[in-house]
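In this note's numbering, the protein residues as written are 206 to 625. Positions of the beta carbon are idealized from the N, C-alpha and C atoms, including for glycine.
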Amino acid sequence: MLVLVRAAVLFGAGVWLALAPIGADVRAHCGVLLGVFLLYSALIALLVTCRPGRARSIYLGALAADLAFLYFLLGATGGIDSPFLPAAFLLGALTAFHYGPVLGVLAAWTALGLAVASDAARLADRHWSALPLLFIFAAVAAAYLGWLAQREAEERRLIARLNDELRARARDLEAAYQRCQEVQGHLLDAERLATIGRMSAEMAHQVRNPLSSISLNLELLEDEVCRLPGVSAAETARLFAAIHREVDNLAEVTESYLRFAKLPPFRWESADLNEVIRELVVFAQPQVEQRAVRLSQRLAPCLPPVRLDRRQFKFALMGLLTNALEAMAAGGRLRIRTQANGHGVEVHISDTGVGIPPEHLERIFEPFFTTKPGGTGLGLSLARRIIEAHGGRIYCESIRQVGTTFTVVLPCDGSGGAHG
Ligand code: ADP
Ligand code: MG
């Protein structure tokens with residue numbers, strides 16, 4: 206805008222210089238002034254291009270220089286009667302446009318004041334009312350233009366802000382849409398997984414009943430086979446034991462899958478934890494002996510009673526015992542300790558097995574996480590679910606090649622921990 210005005214001023218002044226009936230000395234004077242004005246306008250354009258951040262101070266400096274030029278130009282071309290007098294209005298208007306009404310009026314009045322000063326001798330020829338009128342017109346024009354420009358600038362700022370807000374909203378919407386699509390993808394996966402889950406639970410259910418009849422019939426068959434003449438009793442027992450083991454394994458896996466799909470309803474009772482542990486140890490004894498593991502118990506006397514579902518809680522602890530035994534393939538020591546703590550009771554199950562590497566430690570409770578070739582990866586996940594349903598907690602500490610300790614904490618009966 207400023208460059209355009211300067212170009213217009215230069216053009217008009219050039220035409221005037223070429224055509225006006227003025228003396229050679231005036232023409233030379235004005236020619237030099239216009240040349241300097243041209244050079245300095247180019248300099249300002251250059252400065253503003255190179256330093257756009259300082260445009261305001263550059264333009265204010267240029268305003269001072271423009272006023273000085275105007276003073277000399279008016280002085281050389283007839284003072285108040287100079288054809289360049291409207292340039293004072295132009296300066297006021299431009300300043301008002303850029304810096305508001307106050308600075309605009311000040312600029313216009315300074316320009317007019319300079320015009321008067323450049324031609325003080327001729328003031329006496331004028332009627333006193335002519336000059337104030339000039340100042341008032343300049344002030345009204347500059348003030349109105351400045352006010353308009355300010356309003357327009359405010360509206361522009363408002364539009365820019367609204368634009369930014371709209372853009373931000375559009376970005377938010379875009380992000381929300383992306384998230385929606387992701388969630389939709391997860392939902393489809395979840396639906397697929399749920400269907401697979403239902404299918405496997407149904408399959409486990411269908412397999413469980415035939416398995417128990419296979420187990421039963423196997424025992425009958427073993428008796429029959431043993432009675433046949435010429436059959437080696439030892440060999441038969443070995444073969445049947447192997448089949449029994451596999452059937453038991455299958456039964457265990459189907460049991461885990463069924464529990465994972467849906468925990469059976471809890472049947473709460475108040476129980477002595479030591480008694481539950483003793484029952485568990487009797488149950489686990491054959492496995493312990495099979496693996497040449499030494500089992501020791503240290504059960505704290507007089508534990509406060511706990512509220513538990515005996516079957517499910519034993520299932521959870523059995524998972525921990527099985528893991529401990531499996532971690533001690535070459536034998537070792539299995540210790541079970543109970544103790545009372547401030548608000549409940551604790552069971553510690555420690556083994557001297559292979560231990561758990563730190564990178565696995567944070568994943569062992571995830572469903573299906575297993576490092577065993579035939580493992581289901583459900584033992585610990587189920588144990589945690591069952592223990593948490595009792596209002597309890599389970600922790601694990603392990604050192605590789607030294608051993609692992611699982612700690613189960615249960616609230617005392619009556620402390621309101623268990624839900625269900
Ligand atoms: P699974 O026994 O079928 O592998 P679990 O959920 O019972 O599934 O155990 C998950 C994994 O945690 C095991 O595969 C094993 O790597 C690790 N783990 C659990 N208990 C022990 C333990 N006492 N000693 C060493 N590793 C263990
Ligand atoms: Mg296990």
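Measure the Cβ-Cβ separation of residue i and residue j and say whether it is below 9 angstroms.
i: residue 551; j: residue 612; result: yes
i: residue 569; j: residue 587; result: no
i: residue 546; j: residue 614; result: yes
i: residue 196; j: residue 279; result: There is simply no residue 196 to check, as the chain begins at 206 and stops at 625 in what is shown.
i: residue 313; j: residue 301; result: yes
i: residue 218; j: residue 244; result: no
i: residue 295; j: residue 220; result: no
i: residue 493; j: residue 560; result: no
i: residue 523; j: residue 489; result: yes
i: residue 610; j: residue 553; result: yes
i: residue 503; j: residue 562; result: no
i: residue 236; j: residue 224; result: no
i: residue 274; j: residue 241; result: yes
I believe residue i touches residue j by the beta-carbon criterion, under 8 angstroms. Please report the beta-carbon distance rounded to the nearest angstrom.
i: residue 234; j: residue 267; result: With a Cβ gap of about 22 angstroms, residue 234 and residue 267 do not count as contacting.
i: residue 253; j: residue 247; result: Incorrect: roughly 11 angstroms between the Cβ atoms, too far for contact.
i: residue 347; j: residue 321; result: The Cβ separation is near 17 angstroms, so there is no contact.
i: residue 510; j: residue 477; result: 6 angstroms
i: residue 327; j: residue 284; result: 6 angstroms
i: residue 519; j: residue 463; result: Contact doesn't hold; Cβ gap of about 16 angstroms is too wide.
i: residue 482; j: residue 527; result: Contact flag wrong, Cβ pair sits at about 15 angstroms.
i: residue 582; j: residue 572; result: 7 angstroms
i: residue 391; j: residue 423; result: Contact doesn't hold; Cβ gap of about 45 angstroms is too wide.
Would you verify that the beta carbon of residue i is, or is not, closer than 9 angstroms to some beta carbon of chain D?
i: residue 286; result: In the structure shown, chain D cannot be found, because there is only a single protein chain.
Per the DSSP calculation, residue i is bridged to which residue(s)?
i: residue 617; result: 511
i: residue 569; result: None; residue 569 has no bridge partner.
i: residue 544; result: 551
i: residue 498; result: 537
i: residue 475; result: 512
i: residue 264; result: Per DSSP, none; premise fails for residue 264.
i: residue 557; result: Answer is none; residue 557 lacks a bridge partner.
i: residue 366; result: For residue 366, which the question treats as bridged, DSSP gives no partner whatsoever.
i: residue 602; result: 610
i: residue 503; result: 542
Kindly indicate which residue of the options has the alpha-carbon position closest to the one of residue i.
i: residue 576; options: 481, 516, 531; result: 531
i: residue 548; options: 537, 619, 590, 494; result: 619
i: residue 158; options: 394, 453, 382, 384; result: Nothing about residue 158 can be reported from this structure: the residues present for the chain run from 206 to 625 only.
i: residue 599; options: 590, 543, 466, 238; result: 590
i: residue 319; options: 525, 306, 270; result: 270
i: residue 521; options: 208, 465, 505, 229; result: 465
i: residue 617; options: 474, 609, 490; result: 474
i: residue 339; options: 292, 231, 396, 232; result: 292
i: residue 188; options: 250, 224, 231, 226; result: Outside the shown range of the chain (206 to 625) lies residue 188, about which nothing can therefore be said.
i: residue 299; options: 262, 351, 256; result: 351
i: residue 479; options: 491, 505, 307, 455; result: 505
i: residue 317; options: 305, 307, 334, 344; result: 344
i: residue 517; options: 593, 395, 396, 334; result: 593
i: residue 414; options: 581, 380, 337, 455; result: 455
i: residue 358; options: 404, 303, 379; result: 303
i: residue 306; options: 286, 226, 355, 341; result: 355
i: residue 349; options: 308, 394, 383, 230; result: 308
i: residue 315; options: 257, 276, 515, 332; result: 276
i: residue 420; options: 342, 451, 443; result: 451
i: residue 595; options: 515, 442, 374; result: 515
i: residue 290; options: 255, 262, 336, 444; result: 336
TODO: Please determine if the region 406 to 419 and the region 459 to 473 are in contact, where contact requires at least 3 C-beta pairs separated by less than 8 angstroms.
DONE: yes
Open item on the list: Contact between the region 462 to 472 and the region 493 to 512 is defined here as three or more beta-carbon pairs at a separation below 8 angstroms; is this criterion met?
Closed with: no
- [ ] Taking 8 angstroms as the threshold, find out whether the region 483 to 499 comes into contact with the region 536 to 543 through three or more Cβ pairs.
- [x] yes
Open item on the list: Would you call the region 363 to 375 in contact with the region 427 to 439, where contact means no fewer than 3 C-beta pairs closer than 8 angstroms?
Closed with: no
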